[in-house]
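Chemist:
In full-length UniProt numbering, the protein residues as written are 1 to 163.
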């Protein structure tokens, strides 16, 4: 009976820690300020204005239908795990952590303007940038049924295997 209670407590602690880590990561990702201030003006008839903004190349930070990796996020994670190479310098120096990147999913689904928002060094920043730049196209985001450019922010975690 005592062993079951201990296992339940351990599972509850792990679940709680995972939830806290997830919330903290989401808060960090969504709290990163964009490089430029964008003002979204809502009017009665925005369909023509929206088409003009999309064709002018404006980048939206928040849209009704956000971009999604082709194949979904499981495919995105599989792509990252298959293509991400842990840099030798980071291995030697024991560097671990999360690199936060920003990029724009264009109306054609291509990824452009990849930037490091917060790096960890040791070659991890460059490796994360390389993998994202070479990623397959995404399904573009939409605002009021109009395909638009959307800025995305993603974390890429580097963790050394336990010795």
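Think of the CB as a built atom: it goes at the ideal place given N, C-alpha and C, for glycine as much as any other residue.
#1: May I ask you to report which of helix, strand or coil DSSP gives residue 100?
#2: When you compare only the Cα positions, how much space is there between residue 99 and residue 112?
#3: How many whole angstroms separate the CB atoms of residue 138 and residue 109, which I take to be in contact at a CB cut-off of 8 Å?
#4: Under 8 Å, do residue 140 and residue 115 count as touching if we go by C-beta distance?
#5: For residue 118, which residues in the same chain have their Cβ closer than 6 Å to its Cβ, ignoring the five residues on either side in sequence?
#6: For the alpha helix (DSSP H) holding residue 164, just list the boundary residues, first then last.
#7: Report buried or exposed for residue 102, applying the criterion of at least 16 other Cβ atoms within 10 angstroms of its Cβ.
#8: Considering only residues of the same chain and omitting the five flanking positions on each side of residue 122, which have a CB-CB separation below 8 Å?
#9: Using a Cβ-Cβ cutoff of less than 8 Å, which residues in the same chain neighbour residue 97 once the five nearest sequence positions on both sides are dropped?
#10: With distance defined between alpha-carbon atoms, name the residue in 57, 148, 162, 134 nearest to residue 66.
#11: How long is the line joining the alpha carbons of residue 136 and residue 144, rounded to whole angstroms?
#12: Under three-state DSSP, which class holds residue 116?
#13: For residue 104, which residues from the same chain have a beta carbon less than 6 Å from its beta carbon, with the 5 sequence-adjacent residues on both sides left out?
#14: Measure the beta-carbon distance from residue 142 to residue 74 and round it to whole angstroms, keeping in mind my assumption that it falls under 8 Å.
#15: Sort out for me which residues DSSP pairs residue 141 with in a bridge.
Modeler: Looking at the coordinates:
#1: Residue state, collapsed to three classes: strand.
#2: So the two alpha carbons sit approximately 18 Å from each other.
#3: About 5 Å; that satisfies the 8 Å criterion.
#4: Contact annotation: residue 140 and residue 115 have beta-carbon atoms that are not nearer than 8 Å.
#5: Contacts found: 100.
#6: Outside the shown range of the chain (1 to 163) lies residue 164, about which nothing can therefore be said.
#7: Residue 102 should be labelled buried.
#8: For residue 122, the CB contacts under 8 Å within the same chain, skipping 5 residues up- and downstream, are 87, 89, 90, 93, 95 in chain order.
#9: Excluding residues within five positions, the ones whose Cβ falls inside 8 Å are 120, 124, 157, 158.
#10: With distances taken between Cα atoms, residue 66 lies closest to 148.
#11: Taken atom to atom, the span from the alpha-carbon of residue 136 to that of residue 144 is near 25 Å.
#12: Three-state DSSP puts residue 116 in a strand.
#13: Excluding positions up to five away in sequence, the list reads 59, 112, 113, 149, 151.
#14: About 22 Å separates the two Cβ atoms, so there is no contact after all.
#15: Paired residues: 148.
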